[in-house]
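Undergrad: I have a structure I would like to understand better, so I am pasting it below and will then ask my questions one at a time.
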Amino acid sequence: MHERLNQVLGLVIDKAVKTGEPVGSQSLVDNYKLNVSPATVRNYFSELENLEYIMQPHTSSGRLPTEKGYKYFIENLMPVYTLSRKEGLDLTEALKQSNEEHRAVKSLAKIVAEMAQNAAVVGIGSHDSYYTGLSNLFAQPEFKDWNRIVSLSDVLDKMDDVLAKLRSVRFEHPTVLIGADCPFGSLCGSVVVSLPPGYMIGILGPMRMDYAQATAIMKKIQLLISEKKYDET
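So the mapping is simple: the working numbering equals the position in the sequence shown, first residue as 1, plus 35.
Okay, here's the thing in structure tokens:
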């Protein structure tokens, strides 16, 4: 895909992630100071629609990224997110709250949920699970629809089983699971990573989530856990 289409797709995703609303050609030109006309942007929209990277939810509305579009972006265009000093310190301090690993990881999950403004999930050992930040998740525009709330609630009721399946896979690096690949439901996205010994932690949000930030958070957690020594007593 040529550079200009990559740019437009990246900008559509950036704005959709920030606002949760369909993105119009005029707003894209205005917000990002593009040196092209709205009509030209609409032509790019048409090309991206033909590639199934974006879609128009309503005839009179702007465009939203599709699952295919998000996957292409993540694999080819996603920028590297650099955690702020405060974000790094907050994660470090969360791990210092306990010398017992399971307690420390739960404290970490609370900070992660607040930082990402989504839910955080933890798989502990072979059976136990923990999740926090559900209010962040249900506050997202995607989950204002009652049917979607019911669908997500059904997944949450089966969280132990979902996390057990995730723990059966070793995620050596932060891994994005999105749409049909996401065990939390096709409306969702997540970034997960395995931690020693036998832990898994992830960020759970709508498909429209900041994957760059979530990936950076998971990488930092991996680093902190590898450096942390816990009492086994």
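Glycine included, each C-beta is placed from N, C-alpha and C at the ideal position.
Taking C-beta to C-beta, are P241 and V228 nearer than 8 Å?
TA: no
Undergrad: Using a Cβ-Cβ cutoff of less than 8 Å, which residues in the same chain neighbour T127 once the five nearest sequence positions on both sides are dropped?
TA: L259
Undergrad: Below 8 Å between beta carbons: does that hold for S81 and P73?
TA: No, these two residues do not count as a Cβ contact at 8 Å.
Undergrad: For P231, count the other beta carbons within 10 Å of its own beta carbon; 16 or more makes it buried, fewer makes it exposed. Which is it?
TA: exposed
Undergrad: Applying the 10 Å Cβ sphere with the 16-neighbour rule, what's the burial state of S203?
TA: exposed
Undergrad: In whole angstroms, give me the CA-to-CA distance for Y265 and S225.
TA: Here Y265 scores only 48 on pLDDT, less than 50, and its place in the model should not be relied on; the value that follows carries that caveat. Cα to Cα, Y265 sits roughly 27 Å from S225.
Undergrad: The beta strand (DSSP E) with L230 in it runs from where to where?
TA: Taken as a continuous stretch (DSSP letters only), the beta strand (DSSP E) holding L230 covers C223 to L230.
Undergrad: With 16 other CB atoms within 10 Å as the buried threshold, where does R243 fall?
TA: buried
Undergrad: Looking at the secondary structure, which residues open and close the alpha helix (DSSP H) in which G104 lies?
TA: E102 to N111
Undergrad: Of the residues N78, L83, V140 and S95, which one's Cα is nearest the Cα of G45?
TA: L83
Undergrad: Would a C-beta distance cut-off of 8 Å place Y67 and Y88 closer than the cut-off?
TA: no
Undergrad: Quick one: Cα of C223 to Cα of L69, how far?
TA: Spanning the two alpha carbons is a distance of roughly 31 Å.
Undergrad: Of all the beta strand (DSSP E) runs that stay within the bounds of the region 146-230, which reach a length of 3 or more residues?
TA: 154-159, 163-167, 210-213 and 223-230
Undergrad: If you measure between the beta carbons of I256 and I238, is that distance less than 8 Å?
TA: For the pair I256 and I238, the CB atoms are not nearer than the 8 Å cut-off.
Undergrad: DSSP on V58, reduced to helix/strand/coil?
TA: Taken through DSSP and simplified to helix, strand or coil, V58 comes out as strand.
Undergrad: List the endpoints of the continuous beta strand (DSSP E) containing P241.
TA: Y234 to P241
Undergrad: Measuring CA to CA, which of S170, N134 and Y79 is closest to A154?
TA: S170
Undergrad: Comparing alpha-carbon positions, which option in I146, F178, K121 and T101 lies nearest G214?
TA: T101
Undergrad: Could you pull out every residue in the same chain whose Cβ sits closer than 7 Å to the Cβ of A51, ignoring the five residues on either side in sequence?
TA: V58, L99, P100 and R243
Undergrad: Would you decide whether G233 is buried or exposed? Buried here means 16 or more other CB atoms lie within 10 Å of its CB.
TA: exposed
Undergrad: Report, in whole angstroms, the separation of the C-beta atoms of S221 and L198, which I expect to be a contact under 8 Å.
TA: Approximately 18 Å separates the beta-carbon atoms of S221 and L198; this is outside 8 Å, ruling out the contact.
Undergrad: Go to N78, then tell me how far its alpha helix (DSSP H) extends in each direction, as first and last residue.
TA: P73 to N85
Undergrad: Looking at C-alpha atoms only, which residue of K263, D245 and K254 is the closest neighbour of E113?
TA: Reading the sequence as shown, one finds Met at residue 113 and not Glu. When each option's Cα is compared against that of M113, the closest is D245.
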